[in-house]
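Sequence lines, in order, name chains A and B. With the first sequence counted from 1, adding 375 to any position gets you this note's numbering. With the second sequence counted from 1, adding 375 to any position gets you this note's numbering. Cβ atoms here follow ideal geometry from the backbone N, Cα and C, with glycine treated the same way. Comments concern the structure below.
There are 2 protein chains.
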Amino acid sequence: MNKNKDVAGEEPSGALMADVARLAGVAISTVSRALANPGRVNEKTRAKINAAARQLGYTPNAMARGLRVGKSNIIMIILPGSLYYGVSQIIPQVLQSINKSLIQGGYNLMIANLDRDEISERHILDLAFGGSVRGAIILSSKLPEVDGRSLANSGLPIVSMLLDMSDAGLQSVVTNDREAVRDVTAELIRLGHRRFFYLAGPEGNYHDVERYAGVLEALEAAGLSDELVRRSGGHLDYQHGFDIGVQAADDFAQLTEKPTAVIATSDDMAISFVSCIQRGGLRIPDDLSVVSFEGSPVCEFSSPPLSTIEQPVEEMGRAAVDLLLDAIDQRQKTAEVRTVIRSRLILRESVAAPKS
Amino acid sequence: MNKNKDVAGEEPSGALMADVARLAGVAISTVSRALANPGRVNEKTRAKINAAARQLGYTPNAMARGLRVGKSNIIMIILPGSLYYGVSQIIPQVLQSINKSLIQGGYNLMIANLDRDEISERHILDLAFGGSVRGAIILSSKLPEVDGRSLANSGLPIVSMLLDMSDAGLQSVVTNDREAVRDVTAELIRLGHRRFFYLAGPEGNYHDVERYAGVLEALEAAGLSDELVRRSGGHLDYQHGFDIGVQAADDFAQLTEKPTAVIATSDDMAISFVSCIQRGGLRIPDDLSVVSFEGSPVCEFSSPPLSTIEQPVEEMGRAAVDLLLDAIDQRQKTAEVRTVIRSRLILRESVAAPKS
DNA sequence: CGGTTTTTAGCAAACGTTTGCCAAAAACCG
DNA sequence: CGGTTTTTGGCAAACGTTTGCTAAAAACCG
């Protein structure tokens, strides 16, 4: 916002609508209308205004517009505390997908990082209550609240991604964790596997509950006992996936009756587990089949190439933005609070029939 | 921004400063001063105001403040077109580091994605010229320009990260690409390697120029010919690292005189190259030593664990924010346009002395 | 051509906060 | 206690854009 009113000509200069009006010889409100409501302004007048705006490199001041209209053009995305894990590209994928869709809808994307401390929760609530943002997409997190303020009470349109909060009435875009893991477990059963090793995320975590339930459902559907599956992990969060996998390799070494198939609930766990197991002399998939969850690109170049359930992150991002923009525009496009976008199993060389 | 003026009491309600003033029995300007310039308001009055603000859950409207003060509290980060690669965690690391530092400085972080098309370039320039953002950090990209508007001419404080633009007068935070690659090449030479295979990023790209120059410097310092190094790649961008590595494995297979050491300029290239080479029967590091650049976490769990040069991304993010905030506050903290933060070589099992 | 209807431009106020200025109140000092 | 200085609260205008309303201009029609 360069206030340099003395510069005339083609120089970009942070011109105001008032400058455009002066140059075009019309009122400020006519400029506003010509740009935002062209049908309300005579074509000849409009041409004059557009030429003046172009000459001055006029760019509207979004703060002024937001204040007058009472609506910001910013959407915040609330991200979980730690933005990076091991090989996961979920955050970059989500950001790119969402940003692209938002820009097409005329919005800008702001990052709000939810560290689960007071400072970051207050930051998010300030954005919501101060009118700075027009809506929120929240990724794998509960809604923040502090000082008697809760995001749930802010009146802000919100869409949850990855974490199903439809029970609480929150529009949610999720993938079919349970079904996907059930199907891959069924595939392992079909191959002949009867002993399973499950590498768990944090106990009670939505994703872990869903994924483990998928394993149990597949066992039940095959008429098998749920005692055929052993758990490792449960204490660390997904961002410590490598550590979970390393510990799981130790746990595995302690088992007298060795499982023949590993169901890891993140690519990180699988990768570090496989690395440690192989250093102990075991071979994948000859001695042990391995599947994981997430679909990180590097799985294709693991040794051996890792079978994984790929989450449809970009599609989910687009769906989340669509739902959010509908909520902002108060369009009732859909009665579904819960939108499920299916994950896809990618079978690679890490899975084979057990030896016997 | 709920305009519900009829609700009194503890209910969070998007209250205005005018509401706080009414409840505290003072003027609006006194509320403003009590919150922003406490020394200008009597302690008793201030207590009344703070209590009223707390009771109403008052949150300042950043758009109003920004408009009046003439300064936004938003910083944009301009990210390269594709946000995700293979195993790189640079984007999440940068975002987390920068966001944390900005919040401490009272700023919010907005994403601007530079796709190198008109729409995204115009989007960035609108943010800059419209006063929506107070500064910019640009990551691995040149400054956008379109329609006679250039980010360089916007008057906006800008810091470049990863790409050295200090020649153009732009504050730049970079790492020592050249020196780091020179040192790792020198280490390979010290181990006895005399034939090298260099997996290149895009020809002419700043990073590739620097890293390849490092290789040549090490050869020269050891009195060796630069003909001892063969290049592969040069056509694809870093985000296609896996593809570069796959193609490099083909190129390697064509070489009659096999190099004994590979210098890959990204972890993705190294990982996919190693995967393909191993499937062809070669062993790492017995037949071929491998080093790469970037320091992605998964390198520790590769087979074998991959030696890599780790970039100090978080520290660079912090430095970039410091420089940007200094420029915004017009503090002349440093005369250095170029800030170099050193990368660190992590030697793992992928590097050994050549067989003979 | 004159009366009626539609289109168009512009005035003025709004949005929520900040800050210069002034006057009143409080504090200080001999 | 009175004069002087400092502190404090409040008025009013500013920020850049939008939009309701009105009046004037243009278009329409018999």
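When Cβ-Cβ separations below 8 Å define contact, residue 524 of chain A makes contact with chain B. Near chain B, meaning a CB-to-CB distance below 7 Å, the residues of the region 413 to 432 of chain A are 432. Nearest to residue 506 of chain B by C-alpha distance, out of A:440, A:658 and A:591, is A:440. By the CB criterion at 8 Å, residue 442 of chain B and residue 438 of chain A fall inside the cutoff. Residue 498 of chain A belongs to the set of residues whose beta carbon lies under 8 Å from a beta carbon in chain B.
With at least 16 other beta carbons inside 10 angstroms of its own, residue 593 of chain B counts as buried.
Along the region 466 to 481 of chain A, the positions whose C-beta sits under 8 Å from a C-beta of chain B are 466, 467, 468, 470, 471, 474, 475 and 478, read in chain order.
Nearest to residue 643 of chain B by alpha-carbon distance, out of B:435, B:622 and B:631, is B:622. By alpha-carbon distance to residue 682 of chain A, the top candidate from A:601, A:478, A:476 and A:559 is A:559.
Closer than 8 Å to the CB of residue 555 of chain A there is not a single CB belonging to chain B.
When the five nearest sequence neighbours on each side are left out, the beta carbons in the same chain lying within less than 6 Å of the beta carbon of residue 588 of chain A are those of 553, in order along the chain. Look at residue 622 of chain A: its C-beta is not under 8 Å from any C-beta on chain B. Three or more Cβ pairs drawn from the region 634 to 654 of chain B and the region 563 to 579 of chain B lie within less than 8 Å of each other, which places the two stretches in contact.
Distances from the alpha-carbon of residue 611 of chain A to those of A:436, A:529 and A:577 put A:577 closest.
Annotation: residue 635 of chain A is outside any beta strand (DSSP E) and is labelled neither H nor E by DSSP. Shown here, residue 591 of chain A sits in a helix according to DSSP, grouped into three states. Counting only residues of its own chain and dropping the five nearest sequence neighbours on each side, residue 626 of chain A has a CB closer than 7 Å to the CB of 607. Here residue 508 of chain B is not near residue 698 of chain B, since their CB atoms are 8 Å or more apart.
Residue 691 of chain B is positioned such that its CB atom lies closer than 8 Å to that of residue 716 of chain B. At least 8 Å separates the beta-carbon of residue 432 of chain A from that of residue 609 of chain B. Comparing alpha-carbon positions, the option among B:536, B:519 and B:535 lying closest to residue 529 of chain B turns out to be B:519. Residues of chain A whose Cβ lies closer than 7 Å to the Cβ of residue 437 of chain B are, in chain order, 505 and 507.
With three or more CB-CB distances shorter than 8 Å, the region 669 to 679 of chain A counts as touching the region 644 to 655 of chain B. Scanning chain B for C-beta atoms nearer than 7 Å to the C-beta of residue 673 of chain A yields 461, 462, 646 and 673, reported in chain order. Among the CB atoms of chain A, none fall inside 8 Å of the CB of residue 668 of chain B.
By the C-beta density criterion, residue 574 of chain B is buried, having at least 16 other C-beta atoms within 10 angstroms.
Nearest CB-CB separation between residue 686 of chain A and chain B: not below the 8 Å threshold. Counting along the chain, residue 455 of chain B sits inside the beta strand (DSSP E) bounded by residues 449 to 455. By the neighbour-count criterion, in which 16 or more other beta carbons inside 10 Å mark a residue as buried, residue 477 of chain A falls on the buried side.
Secondary structure note for residue 513 of chain B: it is in no alpha helix (DSSP H), and the uninterrupted beta strand (DSSP E) holding it is 510 to 514. Taking the CA atoms as reference points, residue 599 of chain A sits about 20 Å from residue 584 of chain A. Between residue 483 of chain A and residue 513 of chain A, the C-beta spacing is not below 8 Å.
Bridge partners of residue 573 of chain B according to DSSP: B:606 and B:638. Going by DSSP, residue 548 of chain A is part of no alpha helix (DSSP H) but of the beta strand (DSSP E) stretching over 546 to 550. Annotation for residue 668 of chain A: the continuous beta strand (DSSP E) segment containing it runs 664 to 669.
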